[in-house]
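For the sequence shown, our numbering begins at 32 and goes up steadily by one.
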Amino acid sequence: MQKTKISGIIFMLIAAVFASIGQIFFKFAANRTNDLSTFIINPHLYFGGGTYAIGLIFMLKSLRRGELTVVYPILATSFIWVNLLSPIFFKSDILTINKWVGVVIIILGVTLVGKGRTK
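This is the structure in structure tokens:
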């Protein structure tokens, strides 16, 4: 059985942050397009894809260093990062109490899964 290294966890957290930044760029792209032709030339689309690609590199580094059942659920923290970053960029996105409760539940779930890693 492969032991999960702390570097595997850290790399997956970094991957989650890059995926979240990619989502922010994709939202910018979606807000500024009306049809396929404007979508294809939208730079936000490419920045989003680029950050996803960087995140993929960190994900692969993570998967080499840990158990899939431990490191992959950490990607769920991307929901947390999007909830924290989105209101900064989009005034219509507000962190409600329900969203905060959801963030806490995600943190608890990721923590429980992480505690299951082999020593």
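Every residue, glycine too, gets a C-beta built ideally from N, C-alpha and C.
The alpha helix (DSSP H) enclosing residue i, as first and last residue numbers
i	result
N62	I37 to N62
F110	T108 to F120
I105	Counting along the chain, I105 falls outside any alpha helix (DSSP H), and DSSP gives it neither H nor E.
I71	L67 to I71
Cβ neighbours of residue i in the same chain (closer than 7 angstroms, five flanking residues each side left out)
i	result
P151	Any answer about residue 151 is impossible in this case: the structure gives the chain only from 32 up to 150.
N73	A60, R63 and T64
S31	Here the chain has residues from 32 to 150 only, and residue 31 is not among them.
Local conformation of residue i per DSSP, three classes
i	result
G133	helix
K34	coil
G145	helix
G79	helix
L126	coil
G140	helix
G97	coil
Close-in-space but distant-in-sequence residues of the same chain around residue i (CB under 6 angstroms, 5 per side omitted)
i	result
L76	A60
F7	No answer is possible for residue 7: it lies beyond the span of the chain, which begins at 32 and ends at 150.
G79	G53, F56 and F57
Residue i burial status per 10 Å Cβ neighbour count (16 or more: buried)
i	result
F89	buried
F121	exposed
G140	exposed
N65	exposed
V135	exposed
I40	buried
T82	buried
I111	buried
Proximity test, residue i beta-carbon vs the ligand FMN heavy atom, cut-off 7 angstroms
i	result
L139	Absence of the ligand FMN from the depicted structure is noted, as is the absence of any ligand whatsoever, leaving it without description.
Cβ-based neighbour list, residue i, same chain, cut-off 8 angstroms, excluding 5 preceding and 5 following
i	result
L106	M43, A46, A47, A50 and M90
Given 8 angstroms, three or more beta-carbon pairs between the segment 81-88 and the segment 46-63: yes
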